[in-house]
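One structure below.
Residue numbers (the working numbering): 443 to 977.
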């Protein structure tokens, strides 16, 4: 537990700074271009390279590449060094080619994520996509470098490199806002030169991130030598293991295409209620998972993979149980606070410049719905890593496909029955319900694989966490009600008051109650923080 806490704390600190600077970046973006037509065009173009990366690389990294690098470290005479160099070479060349092809096919790619766009809005989205898509190659280099660093238990750089990315893009957005002002917010008035600054500035952040990760590899003792020998790249073995992961990612990306199309339709009908609020609320929803969940999962996967390779299933169960409880100890109260404080969170962040208060409140309403799915989503992702540690990439495809199909079904039904003004909230609700059901199925299958996951003990621990968090939720609700009564609607000031009292004091209340209830994970966190402050 102490080793996991130390590793997770390093990553969580980097991820926290990354997410904070990411919020500043999103604030600058919302201020510069808003959440209506220009915002939807940018966010659609920005989503495409990440979708392509998911299809080609990112899903395979966590499920196939990390376990294969760990095995190469153990089995290859050179400790896997040549294999790492060959892997980085192939990824760089392949993704450079993909980036070039994607730039050429930008109009077709935009059509996949939108319905009925034409004229200036379509032109702006295509132009932005052509400036943003070259980041594919650099993001791929950084992703492979980060995977190699993780297998060497070097977790800091992959978590801190995105900070530089955010800082670069924040600088670009501030320059864009200062130089172009209102002209940069209007689809009809924005020029190709302005779009070039916006798009190439976004790509420049990814370039800086990749450079930092490559330099971290050198400091870790990795010397890059291009190796093009495909025979020793184990691509056949990787393909057999990775085909199912690619299948899973294909299914999830098809689900996201449906999400983007439905959200963009709603945004065309009601300004400020399209893909942009969905994207911004999702970023906030991902914060606790990114800070706590990703940190714990990244540290746990290599250890579970080693335990599986040595036949230590008891250690897999122990690692999984510790990870779930550590994640839940923070995410349980945070999920309740998101459901209560959503608009109070989004108004101070987004209600500036081109984004009016009512649009920021709507982003908060979407965030409130997302709060329902925070814990199930995190547990679902951790359960997939149990299968990946066994080298099983087929089962996650079945589970992921079923979850995505449920999500798509729920989204379509809610899209049909809800007014456009509530469509994006319905999409968030479908997401939460689908991942809750998916986590139940994944748990049952994973439990059979490792002869039990300690469900009773984990369930009791999570129940105690929810009981400890109830006073926090009640306090937050009372603060929202009292502030609304005293000051009227949400403003920047009233939102800050709600966050400080309802959120800040509420979390302190949770820590105090959980400490009194002797919840071990909370006590470990409190003890670690107290020890550091004592120094």
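Built from N, CA and C at the ideal position, the CB exists for glycine as well.
Own chain partners of residue i with C-beta closer than 8 Å, once the 5 adjacent residues on each side are dropped
i, result
"residue 765", "446, 738, 739, 742, 824"
"residue 976", "The pLDDT assigned to residue 976 is 48, lower than 50, so where the model puts this residue is not dependable; a value taken from the coordinates is nonetheless given after this. Cβ within range, chain order: n/a, list empty."
"residue 972", "Note on residue 972: pLDDT 49, under 50, position unreliable in the model; the coordinate value appears next. The answer is none, since no qualifying residue turns up."
"residue 901", "none"
"residue 496", "691, 694, 695"
"residue 933", "789, 799"
Selected residue, minimal CA-CA separation from residue i, among the options
i, options, result
"residue 750", "828, 957, 603", "828"
"residue 923", "783, 561, 623, 460", "783"
"residue 905", "698, 961, 605, 879", "961"
"residue 800", "931, 551, 598", "931"
"residue 951", "715, 857, 909", "909"
"residue 897", "774, 767, 539, 858", "767"
"residue 875", "892, 947, 851", "851"
"residue 917", "933, 934, 893, 946", "946"
"residue 693", "959, 949, 847, 955", "847"
"residue 644", "856, 963, 615, 701", "615"
"residue 732", "821, 796, 569, 580", "821"
"residue 547", "831, 562, 530, 567", "567"
"residue 601", "462, 562, 713", "462"
"residue 775", "717, 954, 494", "954"
"residue 773", "849, 483, 727", "727"
"residue 577", "621, 489, 831, 903", "489"
"residue 529", "590, 797, 560", "590"
"residue 949", "543, 779, 860", "779"
"residue 844", "770, 532, 697", "697"
"residue 628", "579, 525, 472", "472"
"residue 781", "618, 613, 911, 559", "911"
"residue 754", "891, 658, 805", "891"
"residue 804", "596, 714, 928, 617", "714"
Spatial neighbours of residue i in its chain, beta-carbon cut-off 6 Å, leaving aside the 5 residues before and after
i, result
"residue 745", "761"
"residue 870", "808, 811, 812"
"residue 786", "937, 940, 941"
"residue 729", "461"
"residue 637", "569, 570"
"residue 958", "none"
"residue 818", "877, 878, 881"
"residue 481", "475, 718"
"residue 487", "567, 570, 571, 574"
Cut-off 7 Å between Cβ atoms - residues of its own chain near residue i, not counting five sequence neighbours on either side
i, result
"residue 802", "788, 789, 792, 793"
"residue 607", "647, 648, 650, 651"
"residue 888", "825, 828, 829, 895"
"residue 837", "829, 887"
"residue 974", "Note that residue 974 has pLDDT 46, beneath the 50 cutoff, so the model's placement of it is unreliable and the number below is only indicative. Excluding residues within five positions, none has a Cβ falling inside 7 Å."
"residue 545", "572, 575, 576"
"residue 964", "771, 953, 956, 957"
"residue 592", "508, 600, 740, 744"
"residue 913", "951, 955"
For residue i, the first and last residue of its enclosing alpha helix (DSSP H)
i, result
"residue 477", "Run containing residue 477: none; DSSP gives neither H nor E here."
"residue 761", "755 to 792"
"residue 609", "598 to 622"
"residue 914", "897 to 929"
"residue 950", "948 to 958"
"residue 731", "From DSSP, residue 731 is part of no alpha helix (DSSP H); its letter is neither H nor E."
"residue 886", "865 to 891"
"residue 838", "836 to 859"
"residue 563", "561 to 574"
"residue 832", "From DSSP, residue 832 is part of no alpha helix (DSSP H); its letter is neither H nor E."
"residue 713", "Note, residue 713: premise wrong, no alpha helix (DSSP H); not H, not E."
"residue 552", "548 to 555"
"residue 744", "736 to 751"
"residue 632", "Element bounds for residue 632: n/a, residue is neither H nor E."
"residue 588", "577 to 593"
"residue 805", "799 to 812"
"residue 936", "934 to 940"
Report task. Inspect the CB distances between the region 642 to 655 and the region 580 to 590 and report whether three or more fall short of 8 Å. Result -> Segment contact: the region 642 to 655 against the region 580 to 590, three or more CB-CB distances shorter than 8 Å; contact assigned.
Query raised in the report: Taking contact to mean at least 3 C-beta pairs separated by less than 8 Å, is the region 717 to 727 in contact with the region 877 to 893?
Result: The region 717 to 727, when compared against the region 877 to 893, does not touch it at the 8 Å Cβ threshold.
Query raised in the report: Just checking, does the region 696 to 716 make contact with the region 848 to 867 on the three C-beta pairs under 8 Å criterion?
Result: The answer is yes - the region 848 to 867 touches the region 696 to 716, with three or more Cβ pairs under 8 Å.
Requested in this report: Would you check if there are 3 or more beta carbon pairs closer than 8 Å linking the region 537 to 547 to the region 458 to 473?
Outcome: Below 8 Å, too few C-beta pairs join the region 537 to 547 and the region 458 to 473 to call them touching: fewer than three.
Query raised in the report: Counting Cβ pairs closer than 8 Å, one from the region 561 to 579 and one from the region 626 to 643, do we hit at least three?
Result: Between the region 561 to 579 and the region 626 to 643, the count of C-beta pairs closer than 8 Å reaches three or more; the two stretches touch.
Requested in this report: Count the CB pairs spanning the region 551 to 559 and the region 464 to 478 that are closer than 8 Å, and state whether there are at least three.
Outcome: Under the three-pair Cβ rule at 8 Å, the region 551 to 559 does not count as touching the region 464 to 478.
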